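Sequential numbering from 1 applies to the sequence shown in full-length UniProt numbering. One structure below.
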Amino acid sequence: MLTLSDSEVVLDTARGPVAALLTRPPVGTDRNAAVVLCAGVVGSKEDFLPVLPAIARAGYHAYAYDYHGHYAELAEESPEAHTIAKHAEDLVAVVESAGRPVHLVGHSYGGFVARAAALMRPELLLSVTLIGAGPGMDGAKHRRLLAGFDKTLALQGAAVMWPVVRRLVPERDTDRREFWRRRLAGMRLAFLHGALRSLTAEPDRGADLRATRLPVLLMHGYRDQRLWSAQDFAGYAGRMGAELEIIPDASHSPNLEQPELTVAALARFWADAERRHAERLFVDLVRPRALTDPYAHYRTLRERTPVLRIDLPGKAAAVVLSRHADVTRLLQEPIFASPGEDPARLTHNWQDVRIVRCLYQSFGWREGAVHTELRAALARRLVPRRAEELRADTIATAEACLDRFAARLADGSPVNLVEALAIPFASLVTGRLLDIPDADALRLGEAARVASAAFEPFMTPRQRSEMATAGEELIDALEALAAQRETGLLPMVRRLRPDLGEQYLGDLVLLFGAGYDSPASLVTLGARLLLSYPDEAALVRIGDDDAAGPAVEEILRYEPPVQIAVRIAMAPARFGDVEVQPGMAVLGLVGAANRDPGYVTNPDRFDVLRRPPRAALSFGAGRHFCPGAALSRLHAQVLFPRLLRRFPTLRIAGPVRYRAPGTMLRGIEDLPVSLGV
């Protein structure tokens, strides 16, 4: 993009250079969205000068551009080169050059061009606004009007518009009159003839635009009834499923006649369109399927709708947070309670499956004494000092797992690192912490892997059935193991829960499940990152366990195993302009918060030497901070350097398949690896 002045630029598009006016949002207000505006047949980019600054202040990059051949000295002189379809192709190229999703605005003839572009490439757009552009001009009345104008242009040239200019622009406004004089003198007749003839073949395509499901706004001035009546506009809006905005005290060009009212209406519409877009993004995130890369969706939510109120099928109304500061507040303020305090607020069928029922009653999902008593007892056994005492055993476990992993790799065939290394390592270190025999721990690790879907908001019937079956196996096995032991963590839970009810069972499951799932997912996600970024892996390979600490923190920040934290509001609260009522679910997107530019610079860069100002939110914060965080960090610090040193040529050998469902807990199901040359 070549800059000619503060606002005049030449856009480098796939269909050639385009003259444009560009205004940028003030620092700190960027919504990562653009507005592209295209003018009428006798207009130009300057028609949008009154609205561009306000659009930028609303947080948008605003582009108003001139059509190819509208004013250029070397323009194509054939009218056939200037049609709605060809101008729409040019517009698509302008939209693509913006480099971000676009709200499209077309005035008059530009409305037809915008409509055609939206039908060509709806996926590039956030919304479409048509100003003073009716349904079509292929009827007898419009064809006669256009033919007469075309004939007059052939006889008198663009100067035929001068009486209109004199009527619209006061004589005292000499600068604007002079600008119009120059514009009319430079207007290419071939463009005008081609555009007018193209309009005569333009039918009503409102139903087609509706089928794109794009948000559409139809705007016109109260006095704009020369080409279409108010009834025509209203009917057209209905066929498009569009919002209708009538600007008072304006005619055909509200952007020139009432710029403040025009921008206010546009900003309201865009905000609502972005909210609806954000709702679709979030619904896409919670579908019960594998998510290869949720972070693009997170970025969009954080930049455009950082506080989103949403209603999900079968769930209570929820507020979704994606900024680091908001998620931190959610985790730390006592008015936001763990969902076990009121599970029905989160999901209506929480009692249908035993493992779900047990987990909602477990200490990690409760408040008060139910939470603090067991947590305090665990904390005394899982403090960082205790984790260090387990280092030697963790190293021995890691070396043994790596020996078996080496044997699997020996024949040169791809091996799934998840099954061959991550699951055994996580199962064994968790089992030994809980004094569970290795054979039982390995079996329970497989069950916990499937049962962890209990935390997911949506599942397919098959996923739900598999989760319930694995949950029964996990509950029964842990209950039996706890009954067989007199010392260790499992009997400690039994003593604190003497009724041995579902709360007790939930505590057992949470103790093993969280102890297993965090290291298992951390190993798979971290291995995938390190094998994808060999320069970063080299830095980990040459260091000792302590030097791997920053790398583990970066893996946790970049790919947190726990993606969403859930709380229930127990008192009124406000995030931004969204009111949170008592009883509402509030969801903190940890994966989005960890990549907030307000938390770290270059957040989408994986950097194992990064030293963030404070720890990422991957283990939570406040009173529910994960009591096993130090142990999970130790496991990763021990395993990754040894993995990379022992297998320096290890590489990813096929497509990576992520956990499904994977909304709440992120992990990998299949990470094929092999030894390179």
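Every residue, glycine too, gets a C-beta built ideally from N, C-alpha and C. Note that the structure is predicted; figures quoted are calculated from it, not measured.
### Query
In the DSSP assignment, what are the bridge partners of MET219?
Translated into positions along the sequence shown, residue 219 becomes position 219. In DSSP, MET219 forms a bridge with ILE131, GLU245.
### Message
Could you tell me which whole beta strand (DSSP E) segments of length 3 or greater appear in the region 552-614?
### Response
564-569, 573-575, 578-580, 585-589
### Task
Go ahead and pull the three-state DSSP assignment for GLY16.
Start at 1 with the first residue of the sequence shown, and residue 16 comes out as number 16. Here DSSP, grouped into helix, strand and coil, assigns GLY16 to strand.
#### Entry: Proximal residues to TYR60 (C-beta, below 8 Å), its chain only, five neighbours per side dropped
As a position in the sequence shown, residue 60 is number 60, starting the count at 1. The answer, listed in chain order, is PRO25, ARG31, ALA33, ALA34, VAL35, HIS103, TRP270.
### Task
Report the three-state DSSP secondary structure of TYR63 (helix, strand or coil).
In the sequence shown, the residue the question calls residue 63 occupies position 63. Strand, per DSSP.
#### Entry: C-alpha gap between MET664 and LYS45, whole angstroms
Here the question's residue 664 lines up with position 664 in the sequence shown. Here the question's residue 45 lines up with position 45 in the sequence shown. MET664 and LYS45: Cα-Cα distance of roughly 47 Å.
### Task
Kindly list the residues whose CB is nearer than 6 Å to the CB of SER5, restricted to its own chain and excluding five residues on each side of it in sequence; keep chain order.
The residue given as residue 5 occupies position 5 in the sequence shown. Low confidence applies here, because SER5 scores a pLDDT of 43, under 50, leaving its location unreliable; read the following figure in that light. Cβ within range, chain order: n/a, list empty.
### Query
Are three or more beta carbon pairs between the region 435-451 and the region 388-396 nearer than 8 Å?
no
### Residues near HIS68 in its chain [Cβ-Cβ closer than 6 Å; skip 5 each side]
Position 68 of the sequence shown, counted from the first residue, corresponds to residue 68. If we look at HIS68 and ignore the five residues flanking it on each side, its Cβ neighbours are ASP90.
#### Entry: For PHE112: DSSP bridge partner residues
One-based indexing of the sequence shown puts residue 112 at position 112. Per DSSP, none; premise fails for PHE112.
### Task
Return the CA-CA distance between GLY488 and LEU434, expressed in angstroms with no decimal places.
Here residue 488 refers to the residue found at position 488 when the sequence shown is read from its first residue. Here residue 434 refers to the residue found at position 434 when the sequence shown is read from its first residue. So the alpha carbons of these two residues sit roughly 6 Å apart.
### Task
Check whether the region 577-591 touches the region 557-568, counting contact only when three or more Cβ pairs, one atom from each stretch, lie closer than 8 Å.
yes
### Query
Candidates PHE179, ALA379, PRO655, ALA242: which alpha carbon is nearest ARG528's?
For the purposes of this step, residue 528 is taken as the residue at position 528 of the sequence shown. Closest by alpha carbon: PRO655.
### Task
Evaluate LEU609 with the Cβ neighbour count: other Cβ atoms within 10 Å of its Cβ, from every protein chain shown; 16 or more gives buried, anything less gives exposed.
Taking the sequence shown and counting its residues from 1, one reaches residue 609 at position 609. Counting of Cβ neighbours within 10 angstroms places LEU609 among the exposed residues, the total staying below 16.
#### Entry: Element boundaries [alpha helix (DSSP H), containing ASP544]
In the sequence shown, the residue the question calls residue 544 occupies position 544. Premise fails: ASP544 is in no alpha helix (DSSP H) and is neither H nor E.
### Query
Tell me which same chain residues have a C-beta within less than 6 Å of the C-beta of ARG177, skipping the five on either side of it?
Along the sequence shown, read from residue 1 onward, the residue named residue 177 stands at position 177. Cβ neighbours of ARG177 beyond the five flanking positions: VAL169.
### Task
Check whether the Cβ atoms of GLU554 and ASP507 lie closer than 8 Å to each other.
On the sequence shown, position 554 is the one that residue 554 refers to. On the sequence shown, position 507 is the one that residue 507 refers to. No, the Cβ-Cβ distance between GLU554 and ASP507 is not below 8 Å.
### Query
For SER465, does the three-state DSSP call read helix, strand or coil?
Taking the first residue of the sequence shown as position 1, residue 465 is located at position 465. If DSSP states are grouped into helix, strand and coil, SER465 belongs with the helices.
### Query
Under 8 Å between the Cβ atoms of MET120 and VAL94?
Residue 120 sits at position 120 when you count from the first residue of the sequence shown. Residue 94 sits at position 94 when you count from the first residue of the sequence shown. The answer is no: Cβ separation not under 8 Å.
#### Entry: Reference ILE310, options VAL319, GLU479, ARG302, closest by Cα
Indexing the sequence shown from 1 puts residue 310 at position 310. Checking every option, the nearest Cα to that of ILE310 belongs to VAL319.
### Query
For PHE336, which three-state DSSP category applies?
For the purposes of this step, residue 336 is taken as the residue at position 336 of the sequence shown. Note: PHE336 maps to strand in three-state DSSP.
#### Entry: Neighbour-count burial assignment, GLY667, 16 or more Cβ in a 10 Å radius
For the purposes of this step, residue 667 is identified with residue 667 of the sequence shown, where counting begins at 1. GLY667 comes out buried.
### Query
Which residues share a DSSP beta bridge with ALA34?
Indexing the sequence shown from 1 puts residue 34 at position 34. Paired residues: HIS61, VAL102.
### Query
When we look at the beta-carbon of LEU74 and count the other beta-carbons within 10 Å, is it buried (16 or more) or exposed?
Walking along the sequence shown from the start, residue 74 turns up at place 74. Residue confidence for LEU74 is low, a pLDDT of 48 falling below 50, so the modelled location carries little weight and cannot support an answer.
#### Entry: As assigned by DSSP and simplified to three states, the class of TYR658
Counted from its first residue, the sequence shown places residue 658 at position 658. Annotated three-state conformation of TYR658 is strand, per DSSP.
#### Entry: Distance CB(ARG611)-CB(PRO550) smaller than 8 Å
By one-based count along the sequence shown, residue 611 stands at place 611. By one-based count along the sequence shown, residue 550 stands at place 550. Going by C-beta atoms, ARG611 is nearer than 8 Å to PRO550.
### Query
Cβ of ALA407 less than 8 Å from any chain D Cβ?
This model lacks chain D altogether, as it is built from one protein chain only.
### Task
Report buried or exposed for LEU291, applying the criterion of at least 16 other Cβ atoms within 10 angstroms of its Cβ.
As a position in the sequence shown, residue 291 is number 291, starting the count at 1. Under this definition LEU291 is a buried residue.
### Task
Rounded to whole angstroms, what's the CA-CA distance from PRO672 to GLN351? Just pull it up for me.
Here the question's residue 672 lines up with position 672 in the sequence shown. Here the question's residue 351 lines up with position 351 in the sequence shown. Distance between the alpha carbons of PRO672 and GLN351: 38 Å.
#### Entry: Status (buried if at least 16 other CB within 10 Å, exposed otherwise) for GLU373
Against the sequence shown, residue 373 aligns to sequence position 373. So GLU373 counts as exposed.
### Query
For ASP670, does the three-state DSSP call read helix, strand or coil?
Translated into the one-based positions of the sequence shown, residue 670 becomes position 670. ASP670 falls in the strand class under three-state DSSP.
### Task
Figure out for me which residue from ILE55, ALA621, GLU486, LEU321 has the closest Cα to the Cα of ASP577.
In the sequence shown, the residue the question calls residue 577 occupies position 577. Nearest C-alpha to ASP577: LEU321.
### Message
Can you look up THR23 in the DSSP assignment and give me helix, strand or coil?
### Response
Residue numbering aside, residue 23 sits at position 23 when the sequence shown is read from its first letter. In this structure, THR23 counts as strand in the three-state DSSP scheme.
#### Entry: Beta-bridge partners of ASN416, as assigned by DSSP
Walking along the sequence shown from the start, residue 416 turns up at place 416. PRO672.
### Message
Between the region 128-146 and the region 234-252, can you find at least three pairs of beta-carbon atoms closer than 8 Å?
### Response
yes
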